[in-house]
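Protein chains in written order, with my numbering: chain A, 826 to 940; chain B, 3 to 119.
Here is the structure we will look at, set down as structure tokens.
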């Protein structure tokens, strides 16, 4: 069975500082992908970043980077230079390549950026 | 740039009523999904359709049925609504899940907020 664990229900960060949101996963699949989504208070799900299990380099997308440690089964999201608009729920998700495209989501972390 | 469109956005039902949630995507995606989101539990997969003409159960399928009407549309039906089905429902779509599509993210609609009294 696959499982995603996000152990931080809520986080605070000062504007312009960096923040790391934790994600650990469990899977028996050898090939899988890890995704992070942002859900602002308006409710939509916004895709942020992807990391494949065979990717040798950590993924980066603008101010977002993914700290992928395969041996520890962790895929932490790093947001650099936090902005007020980063305040939202953040979800880590995993898709096994042999699981029919299904995403398994973690419980989410609510990030609040302070001015 | 419609992407994934869900209707309705809000709905209140009485216990035992039936209703169909509609979802349509204009990105020519092969795969479509229905999730529910409950407080503190993230999103859980109800049903999915890997391609037109196929549907499969997800993690929480009980009490729901789905229809993949064509490549664009994937509907979710509650035959006899129960208070436990009060939730926010999301439809999503993605490229085919073969080797070319493995890195493709799922694109989500804006959700349907459903309350069952």
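C-beta: ideal position from N, C-alpha, C; glycine also.
Given a cut-off of 8 Å on the beta-carbon distance, is the pair residue 829 of chain A and residue 850 of chain A in contact? yes
Run through chain B and tell me which residues come within less than 8 Å of residue 877 of chain A, C-beta to C-beta. 104, 105
Check whether the Cβ atoms of residue 13 of chain B and residue 24 of chain B lie closer than 8 Å to each other. no
Of the residues B:52, B:16, B:28, which one's Cα is nearest the Cα of residue 923 of chain A? B:52
Got a sec: which bits of the stretch 830-855 of chain A sit with their beta carbon under 7 Å from any beta carbon on chain B, in order along the chain? none
Which residues in chain B have a C-beta closer than 7 Å to the C-beta of residue 944 of chain A? List them in chain order. Absent from the structure is residue 944 of chain A, since the part of chain A shown begins at 826 and ends at 940.
Where does the unbroken beta strand (DSSP E) through residue 918 of chain A begin, and where does it stop? 913-921
First and last residue of the beta strand (DSSP E) that includes residue 863 of chain A? 857-864
Taking all protein chains shown into account, decide if residue 81 of chain B is buried (16 or more other Cβ within 10 angstroms of its Cβ) or exposed. exposed
Exposed or buried, which one is residue 70 of chain B when buried takes at least 16 other CB atoms within 10 Å? buried
Whole angstroms are fine: how far does the CA of residue 73 of chain B sit from the CA of residue 27 of chain B? 8 Å
Proximity of residue 878 of chain A and residue 895 of chain A at Cβ, strictly below 8 Å: yes
Determine contact between the stretch 913-927 of chain A and the stretch 858-868 of chain A, defined as no fewer than three beta-carbon pairs at a distance below 8 Å. yes
Note down, in chain order, every chain B residue with its Cβ under 8 Å from the Cβ of residue 882 of chain A. Here the premise fails: no neighbours, minimum Cβ distance about 14 Å.
Against chain A, with Cβ distances strictly below 8 Å, would residue 58 of chain B count as a contact? yes
Residue from A:852, A:866, A:914, A:887 whose Cα sits closest to the Cα of residue 875 of chain A: A:887
Residue burial classification, residue 927 of chain A (beta-carbon count within 10 angstroms, cutoff 16): buried
Could you spell out where the beta strand (DSSP E) holding residue 851 of chain A opens and where it closes? 849-851
Where residue 97 of chain B falls, given that 16 or more other Cβ within 10 Å makes a residue buried: buried
Partners in chain A for residue 117 of chain B, counting only beta-carbon separations shorter than 9 Å: Within chain A, no residue comes near residue 117 of chain B; the closest Cβ sits about 15 Å away, beyond 9 Å.
Proximity to residue 113 of chain B [Cα-Cα], best of B:91, B:105, B:54, B:78: B:91
CA-to-CA distance, residue 79 of chain B to residue 48 of chain B, given in whole angstroms: 11 Å
What is the DSSP secondary structure of residue 909 of chain A, reduced to helix, strand or coil? helix
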